[in-house]
Structure formats: structure tokens, C-alpha cells
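The structure appears below as C-alpha cells.
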Amino acid sequence: MEIFYHIDTWVAFVTLTFLEIVLGIDNIIFISITAGKLPQNQIRKATNIGLMLAMVFRILLLIGVSYIIAMKDALFTVDLSWFQAGVSGQSLILLGGGIFLLYKSTSEIHHKVEGIEEKVPTAKKIKSSLSSVIVQIVLIDIVFSFDSVLTAVGMTNGLDGALTVMIAAVIVSIIIMMIFAGPVGKFVNQHPTIQMLALSFLILIGFMLVTESAHLSNAVIFGQHVGAIPKGYLYFAIAFSLGVEALNMKVRKSGKSS
61 MEIFYHIDTW VAFVTLTFLE IVLGIDNIIF ISITAGKLPQ NQIRKATNIG LMLAMVFRIL
121 LLIGVSYIIA MKDALFTVDL SWFQAGVSGQ SLILLGGGIF LLYKSTSEIH HKVEGIEEKV
181 PTAKKIKSSL SSVIVQIVLI DIVFSFDSVL TAVGMTNGLD GALTVMIAAV IVSIIIMMIF
241 AGPVGKFVNQ HPTIQMLALS FLILIGFMLV TESAHLSNAV IFGQHVGAIP KGYLYFAIAF
301 SLGVEALNMK VRKSGKSS
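This is the structure we're talking about:
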């Protein structure tokens with residue numbers, strides 16, 4: 061646990077916990093919709109079970125992805141006139157994760173800006189038994205876990221004790237969501253700029269994953285080696301943006317009260 065004696069670890073942990081909570085809002089909303097078809101006395105139980113399963117799946121995915129990340133030996137090489145690289149399992153998972161985050165965050169921003177509503181399964185197709193709802197929640201958790209796990213990998217890749225930090229952030233974020241699921245969901249929904257900030261952070265993280273993949277592959281593009289982006293830049297950008305948004309929220313609140 062000596063890794064938590066370093067300031068970089070705490071910055072990564074706090075930032076990642078925040079992002080895990082914001083990224084988990086859609087999961088909470090979907091779980092709430094699904095659990096809402098149960099009798100009133102089973103809704104809370106189903107929601108807690110759903111969030112616990114989300115935590116388990118994310119930890120398992122983190123362990124699996126971390127194992128792949130450890131594969132540093134080149135699987136194959138690419139040698140073109142303008143591009144050379146030795147591609148490893150580590151660089152492949154980072155490249156795939158970066159592209160996935162770029163696509164997901166861009167499409168989500170597009171949906172929110174254009175006001176496009178996602179289709180939600182209708183209640184007619186869903187049985188209201190506790191077991192069937194839990195099965196649906198499990199499937200939902202698997203889908204919603206990928207962006208969360210890839211974000212965690214992007215935030216902590218190269219950090220000492222990265223897996224420990226990622227698992228700790230996931231556990232803390234899930235506990236917070238279990239305790240404050242209602243208020244947290246309400247707060248984020250009432251402040252859409254928070255969601256937009258989180259999605260913008262995903263674009264940064266996705267881009268960083270792509271460049272990190274190229275760096276770990278020792279990629280050379282038009283004779284130039286691709287360097288790594290220091291994570292301190294990412295942490296500063298996130299902290300600065302959140303600070304500005306906190307001031308904006310305070311100004312908006314003061315304007316309404318006056």
C-alpha cells in the first residue's frame with residue numbers, strides 16, 4: 061500500500077473515482093428503469109445487486125485487461141515506407157480502447173447536442189421477476205463496463221500499482237453510487253455540463269491511449285518517433301476544467317437566487 065504515499069497516486073485515484081461515478085450514471089439510470097418493473101419492496105434490492113455485479117464485472121475486466129497489457133513482446137512488425145512499428149498485445153489493447161473511447165464519447169456528445177434519445181426496451185418485453193431483472197442487469201453491466209475499464213487503463217497506465225489504484229477507484233465509486241444513487245443521478249442530470257465534461261475527458265483519454273499505443277510500439281511516422289504524453293497534462297486539464305465548471309455552477313446558482 062506504499063503506492064498511496066505518492067501524490068500522483070492520489071490524483072489518479074480521485075480523478076478516476078470521479079470519472080467512474082459520472083460514467084456510471086447511465087448504468088444507474090438503466091438499472092433503475094429495469095428494477096422499476098419490480099414490486100416496490102424489491103427495487104432497492106435489485107439496484108444494489110445490480111451495482112455489486114457491476115463492480116465484480118469491472119474488477120474482472122480490469123484484471124483481464126491488465127494481463128493483456130503486460131504482453132509487451134512484439135507480436136508482429138509493420139514496415140512501410142512512411143510507418144514502422146513493432147505491435148504488441150499491450151499496444152493493440154490500448155489502440156482498440158482508444159478508438160472505442162473516441163467513438164463512444166463523440167457519438168454520445170452528438171446524441172446530447174442533437175437531442176437524440178436512445179431507445180429503451182419496453183416493459184412489455186420484460187418479465188418483472190427478480191431473477192429475470194437481475195439477468196438483464198448483468199447484461200447491462202457487461203456493456204456499460206467497457207468504457208469504464210478502458211478509461212481506468214488510460215488514466216493509470218504506467219503508474220506504479222496501477223491495478224490496485226483502478227480496483228480501489230472502482231470499489232469506492234460503486235459504494236458511493238450504492239449509497240447516493242438517487243442524489244448522484246439527479247445532480248448529474250440537472251447539470252448536463254458535468255456529463256459533457258466527462259465525455260470531453262474521454263476524448264482526451266482516448267487520444268492519449270492511441271498515442272501511448274504508438275509509443276509502446278516504437279512507432280515511427282515519416283521519420284519521427286511517437287512520444288508519450290505525460291499524464292500530468294491530462295490531470296491538470298481535468299482539474300482545471302472541473303474548477304472552471306464549479307465556478308460556473310456557483311455563478312449560475314447566485315444568478316438564480318438574486
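First residue of the sequence shown? That's 61 in our numbering, and the numbers climb one at a time after it.
We put the beta carbon where it would ideally sit given N, CA and C, even for glycine.
Asked	Found
Where the alpha helix (DSSP H) through L259 begins and ends	252 to 276
Stretch pair the stretch 102 to 109 + the stretch 134 to 142: three plus CB contacts closer than 8 Å	no
Exposed unless 16 or more other CB atoms sit within 10 angstroms - verdict on Q196	buried
Minimum C-alpha distance to F282 - residue among T77, L223, D139	D139
Between the CA atoms of Q100 and A300 - distance to the nearest angstrom	The sequence given here places Phe at residue 300; Ala does not occur at that position. So the alpha carbons of these two residues sit roughly 42 Å apart.
L210 versus E80, F73, F143, residue with shortest Cα-Cα distance	E80
G157 - DSSP class collapsed to helix/strand/coil	helix
Between the CA atoms of S273 and V116 - distance to the nearest angstrom	27 Å
A145 - containing beta strand (DSSP E), residue span	143 to 148
Check whether Y295 and V147 have beta carbons under 8 Å apart	no
Residues near L154 in its chain [Cβ-Cβ closer than 6 Å; skip 5 each side]	L269, E272, S273
The stretch 254 to 263 contacting the stretch 160 to 169, beta-carbon criterion three pairs below 8 Å	yes
Cβ separation of E305 and I254, assumed to be a contact under 8 Å, to the nearest whole Å	7 Å
The beta strand (DSSP E) enclosing A134, as first and last residue numbers	134 to 139
Sequence-distant residues of its chain with Cβ nearer than 6 Å to I289 (five each side left out)	M268, T271
Neighbourhood of G158 by C-beta distance below 6 Å, restricted to the same chain and skipping five residues each side	G266, L269, V270
Reference K172, options L257, I123, S191, closest by Cα	L257
Closest residue to R118 among Q284, K313, T224, I67 (Cα-Cα distance)	T224
Neighbourhood of M238 by C-beta, 7 Å cutoff - its chain only, sequence neighbours within 5 removed	N108, L111
Test item: CB-CB of A212 and L76 under 8 Å	yes
Pairwise C-alpha distance: I123 and I227	9 Å
L113 versus P243, V193, G287, residue with shortest Cα-Cα distance	V193
Under 8 Å between C-beta atoms of Q144 and V286	no
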